[in-house]
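Keeping their order, the protein sequence lines are chains A and S.
Under our numbering, think of the first position of the first sequence as 32, with each following residue one higher.
Under our numbering, think of the first position of the second sequence as 995, with each following residue one higher.
Cβ atoms here follow ideal geometry from the backbone N, Cα and C, with glycine treated the same way.
First up is the structure itself, then whatever we jot down about it.
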Amino acid sequence: MGINNAHYYGWQGKLHSPWISTLSIVRVALLQVFRRKSYWVVIGLGVFQFLSFWIVIYAITQARLPANAQRDLYEVFGFSPSPEPGEENGYIAFMQQQSVVVMILLAFSGSLLVGSDFRMKSLPFYLSRRIDRRHYIVGKLLAVSAIVSLLTTVPALLLFLEYGMFTPSVGYWRENWGIAVSVLAYGAVLCAVLSILIVTLSAYLQRVAPIAITWSSLFVLLIRLASYLQDATDNNYWYLLDPWRDMRLVGKLCFGVFLEQEEHDIAAWAAVILAGVCAVCLVLLVRRVRAVDIVE
Amino acid sequence: MHLVDIQNLSRNYGHVRALVDVSFTLEQGTIGLVGNNGAGKSTLLKVLLGLLKPDAGGGTILGCDIRHATRELRGRVGYMPETAATVPVLKGVEFVTLAGDLYGMPHRDARRRAHEVLNYVGLGELRYRRLEEYSTGNVQRLKLAAALVHDPQLLLLDEPTNGLDPEGRQSMLDLIHDLITETGKSVILCTHLLPDVERLCQQIVVLHRGTVIRAGAMAALRHAVGNRFEIGWQGPGEGYVAALRAAGVEVSLNSHPDRATVQTPAGWNNSQFFALARERDCVLTQLKPDEEDLERLFFRVTEEKGPAPTSALPGEELKHGH
């Protein structure tokens, strides 16, 4: 290929803070995920689930069914738009169902978002610019958090808005604002924990297969193990091995709704465990993210 | 202000000394950083860029302290890494825009500038293709575009012709040469391909086993070899060459029909070139001392320091650097 005759033009301008550059990492990460057609199978599952809830809410509120019939229909979907005291928050239940989709999506996209930077030695590309590894790590964590939020928190809030929209007044939103806060709190816990875990795991394992196997082991085997140990010893603290339960408990701790006293007892421990795991992962991540990787 | 001013710089990996008490000063222009594999070139480049912290010593580039002013430094320096270092799924223009964003350019400027530099490096037509579809040569151009996007004063190019076929290499060298002559930017070219340095660079830093054994203007470092000359003539050359050989001169003909490199015997007087030319009806048009080329210069200075090891970093598992 010959040299293009285009002339070189200079550029003069002010460079902004490297923290703003982390948003570019988020933008590019979302671009990477949404451009992969194979991921749309998983994203489609999440969208389908969201639309199902959306249609159910629409149908029930517009069909003006008797209250009992409405309640029965909601129960089929495990959803309660305005929970009574001691009742499970329907939006949180929706987010938990969406979390399965998120888990599958992250298992596959971790390699693309983070692992590829290590595998293709792209870290010098990032770290030789004006950002350092703090900005890189924060950018990648925000990117994963954005994906998690787009599949859990945002649709849950949309459902909350939808339900309020179909009621005759703004009374639903005013009376149940705590639901929106609890959705945000649980969403924040999901984002923080899942992003730190997947970014660290992907930084070390790099390729799709090992990440997917380890990730699914974390979130499937530990649930089974926790359940088995609890059955064998009748000790509820074994439930703390289940990361989903830990995240749910911490979410509940954020907005103070507990169905059972037992859950309340172990919620603080769940927070300690998650904080500990996240802290260890962050230390490992900081050690792993280096511009120069000398092996021999 | 010097372009680069490095004093007593050292960097170790565990107990392996990658850079040992390195000191040199370079002026604006094109600088070749040469050495055998494992001599410490890439380590030095990364220390200069602030990607690795030196264990001892320090210095400045463009007046910025390499220890403490790394962010300011990177705003004024463009780095083209040796590795592929691309981001999968992105298109060419998105990749270069990302580089601009990471430098801290406003996004709109970064995008506009990405189009400009991609045009400049000859990738204008390929800018909307995904990076997976780029050939090795195009990836090298793309990395150069990413290093140029914020219009740096200094470019650090780590093995820019690595992995390219002869045509691609020539094309890349043309591009870098064009960039240097058109923009007047300073370039530090890190490579073990001496012809690349010889073609592009005015200054040179020779690294050997982690130490700088020569640094400065290339012309000043070249030795004139006392009894070797380049000669040129007009007229019947066969007879003239035969006469020179008969007088004990070793003649190496080159591709040019009326030029040669000659090595004179002991006791030779240069007036004999003219006398023999007159005898054979030739006119001597050129007689100049033969300067050693970069390859000979490199081997001479490295041999003075002893044979090169197979690697400055012997077979040992090292952990990450800084």
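At the level of alpha carbons, what is the spacing between residue i and residue j?
i	j	result
residue 1267 of chain S	residue 1248 of chain S	18 Å
residue 246 of chain A	residue 292 of chain A	31 Å
residue 1004 of chain S	residue 1018 of chain S	13 Å
residue 1236 of chain S	residue 1243 of chain S	10 Å
residue 222 of chain A	residue 180 of chain A	7 Å
residue 267 of chain A	residue 261 of chain A	6 Å
residue 1044 of chain S	residue 1068 of chain S	8 Å
residue 315 of chain A	residue 231 of chain A	7 Å
residue 1049 of chain S	residue 1180 of chain S	27 Å
residue 52 of chain A	residue 44 of chain A	16 Å
residue 1185 of chain S	residue 999 of chain S	20 Å
residue 305 of chain A	residue 320 of chain A	22 Å
residue 1166 of chain S	residue 1256 of chain S	34 Å
residue 109 of chain A	residue 84 of chain A	10 Å
residue 99 of chain A	residue 255 of chain A	36 Å
residue 1116 of chain S	residue 1137 of chain S	12 Å
residue 1104 of chain S	residue 270 of chain A	50 Å
residue 125 of chain A	residue 210 of chain A	13 Å
residue 960 of chain S	residue 1139 of chain S	This structure gives no information on residue 960 of chain S, because the portion of chain S shown stretches from 995 to 1316.
residue 74 of chain A	residue 322 of chain A	33 Å
residue 1347 of chain S	residue 1227 of chain S	Summary: the structure shown does not reach residue 1347 of chain S, with chain S confined to residues 995 through 1316, and so no result is reported for it.
residue 1216 of chain S	residue 1287 of chain S	7 Å
Identify whether residue i lies in helix, strand or coil by the three-state DSSP scheme.
i	result
residue 1223 of chain S	strand
residue 315 of chain A	helix
residue 1306 of chain S	The pLDDT assigned to residue 1306 of chain S is 43, lower than 50, so where the model puts this residue is not dependable, and the model offers no usable value.
residue 299 of chain A	helix
residue 1035 of chain S	helix
residue 1050 of chain S	strand
residue 1282 of chain S	strand
residue 326 of chain A	Note on residue 326 of chain A: pLDDT 49, under 50, position unreliable in the model; no value is reported.
residue 1177 of chain S	helix
residue 53 of chain A	helix
residue 41 of chain A	coil
residue 1315 of chain S	Low confidence applies to residue 1315 of chain S: its pLDDT is 38, below 50, so where it sits in the model is not reliable, and the reading given next is rough at best. It is coil, neither helix nor strand.
residue 1271 of chain S	helix
residue 48 of chain A	coil
residue 92 of chain A	helix
residue 237 of chain A	coil
residue 1189 of chain S	helix
residue 247 of chain A	helix
residue 335 of chain A	Any question about residue 335 of chain A goes unanswered here, given that chain A covers just 32 to 327.
residue 71 of chain A	helix
residue 65 of chain A	helix
residue 103 of chain A	helix
For residue i, list the residues DSSP reports as bridge partners.
i	result
residue 959 of chain S	One cannot answer for residue 959 of chain S here, as it falls past the ends of chain S, which runs 995 to 1316.
residue 1006 of chain S	S/1011
residue 1247 of chain S	S/1254
residue 1170 of chain S	Bridge partners of residue 1170 of chain S: none, in fact.
residue 1210 of chain S	S/1198
residue 998 of chain S	S/1020, S/1055
residue 1143 of chain S	DSSP, once it has assigned bridges, lists no residue as partnering residue 1143 of chain S.
residue 1228 of chain S	S/1277
residue 1205 of chain S	S/1202
residue 1124 of chain S	S/1085
So is the beta-carbon of residue i under 6 Å away from any non-hydrogen atom of the ligand ADP?
i	result
residue 1226 of chain S	Of ligands this structure carries none, so the ligand ADP is not represented either.
Is the shortest distance between the beta-carbon of residue i and the beta-carbons of chain C less than 7 Å?
i	result
residue 1136 of chain S	Protein chains in the displayed structure are A and S, and chain C is not among them.
**Item:** Chain-ordered residues of the region 132–165 of chain A with a beta carbon less than 7 Å from chain S
**Value:** Listed in sequence order: 143, 147, 151, 152, 153, 155, 156, 157, 158, 159, 160, 161, 162.
**Request:** Output, in sequence order along the chain, the residues in the region 998–1024 of chain S whose CB is closer than 8 Å to any CB in chain A.
**Result:** Within the region 998–1024 of chain S, the qualifying residues are 1007.
**Request:** Could you list the residues in the region 40–62 of chain A with a C-beta less than 9 Å from some C-beta on chain S, going in chain order?
**Result:** Going along the region 40–62 of chain A in chain order, one finds 40, 41, 42, 43, 44, 45, 46, 47, 48, 49, 51, 52, 54, 55, 56, 58, 59, 62 with a Cβ nearer than 9 Å to chain S.
**Message:** Short of 9 Å Cβ to Cβ, which residues in the region 256–279 of chain A face chain S?
**Reply:** Residues passing the 9 Å Cβ filter: none.
**Request:** Select from the region 1027–1044 of chain S all residues with a C-beta closer than 9 Å to any C-beta belonging to chain A, and list them in chain order.
**Result:** For the region 1027–1044 of chain S, which is checked against every Cβ of chain A, the residues closer than 9 Å are 1036, 1037, 1040, 1043, 1044.
**Message:** Could you tell me which whole beta strand (DSSP E) segments of length 3 or greater appear in the region 1043–1101 of chain S?
**Reply:** Runs of the beta strand (DSSP E) inside the region 1043–1101 of chain S: 1050–1055, 1071–1074.
**Prompt:** Just by C-beta distance, which residues in the region 294–322 of chain A are closer than 7 Å to chain S?
**Reply:** Cβ proximity to chain S below 7 Å picks out 321, 322 from the region 294–322 of chain A.
**Asked** Which of the residues in the region 67–85 of chain A, read from start to end, lie with their CB under 9 Å from any CB of chain S?
**Response** So the close ones are 67.
**Asked** Between the region 1173–1190 of chain S and chain A, which residues of the former have a C-beta closer than 8 Å to a C-beta of the latter?
**Response** Residues of the region 1173–1190 of chain S with a C-beta less than 8 Å from any C-beta of chain A: 1173, 1176, 1177, listed in chain order.
**Prompt:** At a Cβ cut of 8 Å, what residues of the region 1147–1160 of chain S count as close to chain A, listed as they run along the chain?
**Reply:** For the region 1147–1160 of chain S, which is checked against every Cβ of chain A, not one residue is closer than 8 Å.
**Item:** Members of the region 1056–1081 of chain S near chain A, C-beta cut-off 7 Å
**Value:** Answer set for the region 1056–1081 of chain S: 1065, 1068, 1069, 1073, 1075, 1077, 1078, 1079, 1080, 1081.
**Message:** So if I threshold CB-CB distances at 8 Å, which residues from the region 176–208 of chain A count as touching chain S?
**Reply:** Per Cβ criterion, the list is empty.
**Message:** I'd like the ranges of any beta strand (DSSP E) spanning at least 3 consecutive residues and lying wholly in the region 149–187 of chain A.
**Reply:** Taking only runs of at least 3 residues, no beta strand (DSSP E) segment lies wholly in the region 149–187 of chain A.
**Start-end ranges of the alpha helix (DSSP H) lying completely within the region 201–235 of chain A, minimum 4 residues** = Taken in chain order, the complete alpha helix (DSSP H) segments of 4 residues or longer contained in the region 201–235 of chain A are 202–206.
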